[in-house]
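Quick note, the sequences are listed as chains A and B, same order.
Yeah, the first sequence ends on 332 if you go by the working numbering, and it's all consecutive.
Yeah, the second sequence ends on 343 if you go by the working numbering, and it's all consecutive.
Before any comments, here is the structure.
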Amino acid sequence: MKIPEAVIKIADDIRVMRIRGASRIAQAAALGLKIAAERYGGNSVDDFINYLTKVKEVLENTRPTAVSLPNALSYVMSRVFKRYNSGAKLKELIEVTIKAAEEFVRYSRTATKRIGEIGARRIRDGDIILTHCNSSAALSVIIRAFEEGKNLRVYATETRPKFQGYITAKTLYERGINVTLIPDSAVRLIMKKVDRVFVGADAVAANGAVVNKIGTSLIALAAHEARVNFFVAAETYKFSPTTVIGGLVEIEERSPLEVVSEEFLKATRNVIVRNPAFDVTPPEYIDAIITERGVIPPQAAIIILKEEYGWALKDYMLRVTSEMEEVSL
Amino acid sequence: MRPMENYSKYYKVIEDIKYGRIQSATEATLAVLRTAVRFTEEARGVSEVRNFLKHLFFKSIEARPTNALLINVIRGAILSIKEAIDLNDMKRLREVFNEYYNEIVKEIKVMNDAIAKMAINRIEDGDHVLTYSYSTIVMKALKLAKDKEKNIRVYVPESRPGLEGLNTARELERYGIPVTLFVDSATRYFMKEVNKVLIGAEAIAANGAIVSKVGTSLVALAAHEARVNVFVLAPTLKFSPETIYGELVELLEKEPESFISIEHMHKMGLKINDKFNVKVPMFDVTPPEYIDAIITERGLIAPQAVTFMLREIYGWPFQFAPLKELLGD
């Protein structure tokens, strides 16, 4: 069974960043599985499972860093496999896939809203806030605080190389929130005036380190230096279960053409243009991570991981131990 | 007196500085002085020169008030031609002005050469050096290191707004030095690979703080965190004696249009008004505690020793004519 065009399109959109932001990517991936299930034309349970696994791989191999992507996919797939293993029929499996995908999207949207409610309590009337890139979770916090009647001013970094800061500025501006765009390099200069920083996350590691848009760790450092509170807004499906067993979060490096023109590249062959999309902010620069389940210190990330992915972790652990046994044999 | 429109070619230099077409502090200073000398050559009378110079000096400082070299060189120029102007002696005016110009060009070259030579004692074979923005002296030092067959790689952030980093990368490429270029936000990400930071300065204040292209303080902070040494390469002509009297170095901001195109802004549905603004600072201040040494033509000093060196140059109590007084009437 061929993978439907619509699913290929979603994968492409994620790859070229027409769909971007960890939450939006996760929702799109779940939607991809849903579409694949709806359009399945075969008639065998095993064929469906193979087909769905292939779809999952296509969606998963688009961008390596955002952990929300594999987490969203395994949210759906784990439910499908559970039923498959207990001998469910094809019709039932298709239904489960669709239901689980819809459930994930709904959950994701509620989570972002809930983060807004919780995070807004950390904002005081008159606060000056700085945000980086374009995070739906961080924006949810800022917008919620504004809707509660708090007077705010926001500094949005332009966020090179792809200027997502302009989208943030536009979103806030359209809500009537006072916003000022600044170059990324002006962060330390501006930090003196800032009361609080809110950013999103692409992945949260087991030790509480946060992987987010390149530049986040530099902002966290400048905030730490100026004793400005630094908050990360992240849904629990951005926590990375593989880091518990020592896995590293891979930092994606994108095309140099996002940074410089083709002419520049051609004219300067000895210049390597590097374009890492993310960096890692150590937990000691983070005051708290705001999740839909509540505010946690970054060092407590493991609690979220155990609660959310206990099942998966057990699985990983089993695999690791059996591999170790094999080695020792 | 000739009609004003004939002056426009002389005033072009002010625009060039104001809009960043001349980026380096040294080049800006020499361009202003060259213009002043050329005008003096072509002018008919002393009073014409006096009026023109007053305007040129005043406006060029206004265009770049942070440039201590410019201020110091203008002060020197005024002092050296003052007598000829008072005597209304056009021939003598041309002579002394030409002499002063040649002297300054030579002095800057000698100073920069001396600094570059000292700086390369601190550059070792295999070093990964990070530099920020574009600095004439740093370029000289890096080229010299290459000439001495020290294999180095230079890390260059693009340095928005202004993108001076691209010029730096292009020039280093011409010297045959390998370069790694990236967005400013990635500075902390790459700092782990770097073992030295070399930067230039616009002005150095009495407490050893450095005024430089915006983003420099962020680079220094990231270097400090990673225990990477930061060296500032600057002749003592960039020390700002005004700051001894408590004057603040004025930090220039650019027009938003220099940073983001109006069309782009409109396309995004953004318009500058009371709710949306763009802030484009050009310079920031790096505190002395993040600087390991300032390399001057008189030797390598701790930033905290700037006052000591200012005493050496200007005597104690300070004997220098504040520019405001010289330009005043």
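Every residue, glycine too, gets a C-beta built ideally from N, C-alpha and C.
Same chain, Cβ closer than 6 Å to residue i, neighbours up to 5 away in sequence not counted
{"i": "Met-18/B", "result": "Bear in mind that the predicted position of Met-18/B carries a pLDDT of just 47, short of 50, making it unreliable; the figure below should be weighed with that in mind. Same-chain partners within the cutoff: there are none."}
{"i": "Tyr-78/A", "result": "Phe-107"}
{"i": "Ala-223/B", "result": "Val-299, Pro-301, Pro-302"}
{"i": "Ala-75/A", "result": "Ala-29, Ala-32, Ala-33, Phe-107"}
{"i": "Ala-204/A", "result": "Val-213, Asn-215, Val-235, Ala-237, Lys-241"}
{"i": "Asp-1/A", "result": "No information on residue 1/A is available, as it lies outside the stretch 4 to 332 that chain A covers here."}
{"i": "Arg-106/B", "result": "Ala-98"}
{"i": "Lys-269/A", "result": "none"}
Neighbouring residues, chain B, relative to residue i (Cβ below 7 Å)
{"i": "Lys-173/A", "result": "Met-282, Gly-283, Leu-284"}
{"i": "Glu-253/A", "result": "By Cβ distance, chain B contributes nothing, its closest Cβ being about 14 Å from Glu-253/A, past 7 Å."}
{"i": "Ile-307/A", "result": "Within 7 Å Cβ-Cβ: nothing; Ile-307/A doesn't reach chain B, min ~26 Å."}
{"i": "Ile-145/A", "result": "Chain B residues near Ile-145/A: none, gap ~14 Å exceeds 7 Å."}
{"i": "Tyr-78/A", "result": "By Cβ distance, chain B contributes nothing, its closest Cβ being about 30 Å from Tyr-78/A, past 7 Å."}
{"i": "Tyr-312/A", "result": "What Tyr-312/A touches in chain B: nothing, since even the nearest Cβ is about 28 Å away."}
{"i": "Tyr-176/A", "result": "Leu-284, Lys-289, Phe-290"}
Cross-chain neighbours of residue i in chain B, by beta carbon under 8 Å
{"i": "Thr-271/A", "result": "Ala-183, Arg-184, Glu-187, Val-193"}
{"i": "Ala-220/A", "result": "Note on identity: in this sequence residue 220/A is Ser, with Ala being the wrong assignment. Ordered by position in chain B, the residues that pass the 8 Å Cβ test against Ser-220/A are Arg-202, Tyr-203."}
{"i": "Pro-164/A", "result": "Val-197"}
{"i": "Leu-224/A", "result": "Arg-202, Leu-235, Ala-236, Glu-239"}
{"i": "Glu-150/A", "result": "Per Cβ cutoff of 8 Å: no residues; Glu-150/A is ~16 Å from chain B at best."}
{"i": "Leu-275/A", "result": "A small fix is needed here, since residue 275/A is Ile in this sequence, not Leu. Per Cβ cutoff of 8 Å: Pro-192, Val-193, Thr-194, Leu-195."}
{"i": "Glu-228/A", "result": "Leu-235"}
{"i": "Ile-217/A", "result": "Val-197, Ser-199, Ala-200, Tyr-203"}
Chain A residues whose Cβ lies nearer than 9 Å to that of residue i
{"i": "Gly-229/B", "result": "Pro-186, Asp-187, Ser-188, Ala-189, Val-190, Arg-191, Leu-192"}
{"i": "Asn-291/B", "result": "Asn-181, Val-182, Thr-183, Leu-184"}
{"i": "Arg-106/B", "result": "The contacting residues do not exist; Arg-106/B stays about 46 Å from chain A at best."}
{"i": "Ser-22/B", "result": "Here the premise fails: no neighbours, minimum Cβ distance about 32 Å."}
{"i": "Ser-173/B", "result": "Ser-188"}
{"i": "Asp-298/B", "result": "Ser-188, Ala-189, Arg-191, Leu-192"}
Residues near residue i by beta carbon distance below 7 Å, same chain, minus five either side
{"i": "Leu-180/B", "result": "Glu-172"}
{"i": "Phe-71/B", "result": "Ile-88, Leu-341"}
{"i": "Pro-79/B", "result": "Glu-264, Leu-266"}
{"i": "Val-152/B", "result": "Thr-145, Leu-212, Ile-213, Gly-214, Leu-247"}
{"i": "Glu-365/B", "result": "Since the first and last residues shown for chain B are 15 and 343, residue 365/B lies out of range."}
{"i": "Met-15/B", "result": "In this prediction, Met-15/B has a pLDDT of 45, which is less than 50 and means its spatial position is unreliable; what the coordinates show is noted afterwards. For Met-15/B, where only same-chain residues beyond five positions count, the Cβ hits under 7 Å are Glu-62."}
{"i": "Ala-240/B", "result": "Met-205, Lys-206"}
Counterpart residues of residue i in DSSP-defined beta bridges
{"i": "Phe-253/B", "result": "Ile-218/B"}
{"i": "Thr-300/B", "result": "Ile-224/B"}
{"i": "Lys-73/B", "result": "In DSSP, Lys-73/B forms no bridge with anything."}
{"i": "His-142/B", "result": "Arg-167/B"}
{"i": "Asp-282/A", "result": "Asn-215/A"}
{"i": "Arg-156/A", "result": "Ile-131/A, Asn-181/A"}
{"i": "Ile-315/B", "result": "Ile-308/B"}
{"i": "Val-298/A", "result": "Ile-293/A"}
{"i": "Phe-234/A", "result": "Phe-201/A, Ala-291/A"}
{"i": "Glu-256/A", "result": "Pro-279/A"}
Contact list for residue i against chain A, beta-carbon separation under 8 Å
{"i": "Arg-64/B", "result": "Within chain A, no residue comes near Arg-64/B; the closest Cβ sits about 38 Å away, beyond 8 Å."}
{"i": "Leu-180/B", "result": "Val-263, Phe-267"}
Contacts around residue i, its chain only, beta-carbon distance under 8 Å, and the 5 residues preceding and following it disregarded
{"i": "Ala-91/A", "result": "Val-48, Val-99"}
{"i": "Pro-7/A", "result": "Ile-38, Ala-39, Arg-42"}
{"i": "Asn-46/A", "result": "Leu-93"}
{"i": "Ile-193/A", "result": "Leu-133, Tyr-158, Ile-185"}
{"i": "Glu-151/A", "result": "Ala-123"}
{"i": "Glu-187/B", "result": "Val-193"}
Chain A contact residues for residue i, given Cβ-Cβ distances below 7 Å
{"i": "Ile-295/B", "result": "First, the residue type needs correcting, since residue 295/B is Pro and not Ile in the sequence shown. Under the 7 Å cutoff, chain A gives Ala-189, Leu-192."}
{"i": "Leu-232/B", "result": "Ser-188, Val-190, Arg-191, Leu-221, Ala-225"}
Within chain B, partners of residue i - CB distance below 9 Å
{"i": "Tyr-169/A", "result": "Ile-274, His-278, Met-279, Met-282, Leu-284"}
Chain E contact for residue i (CB, 8 Å cutoff)
{"i": "Lys-241/A", "result": "Chain labels in this structure do not include chain E; the protein chains are A and B."}
Tell me the start and end of each unbroken alpha helix (DSSP H) in the region 44 to 70 of chain A that is at least 4 residues and wholly inside, in chain order.
-> The region 44 to 70 of chain A contains these whole alpha helix (DSSP H) runs: 48 to 63.
Residues within the region 278 to 292 of chain A neighbouring chain B, beta-carbon criterion of under 8 Å | Those residues of the region 278 to 292 of chain A that come within reach of chain B (Cβ to Cβ, closer than 8 Å) are Asn-278, Pro-279, Asp-282.
What beta strand (DSSP E) runs, 3 residues minimum, are completely inside the region 166 to 219 of chain B?
-> Within the region 166 to 219 of chain B, the complete beta strand (DSSP E) runs of at least 3 residues are 167 to 171, 193 to 196, 210 to 213.
Can you check the region 171 to 204 of chain A for any alpha helix (DSSP H) of at least 4 residues that lies completely inside it and give the ranges in chain order?
-> Segments of the alpha helix (DSSP H) lying fully in the region 171 to 204 of chain A: 190 to 194.
Residues in the region 38 to 67 of chain A with C-beta within 7 Å of chain B's C-beta atoms, listed in sequence order?
-> Of all residues in the region 38 to 67 of chain A, none has a C-beta nearer than 7 Å to a C-beta of chain B.
At what residue ranges does the region 59 to 126 of chain A contain a whole run of the alpha helix (DSSP H), taking only runs of 4 or more?
-> 71 to 88, 93 to 123, all fully within the region 59 to 126 of chain A.
Cβ-based contacts, 9 Å cut-off: residues of the region 256 to 278 of chain B near chain A | Cβ contacts with chain A come from Leu-265, Pro-270, Phe-273, Ile-274, His-278.
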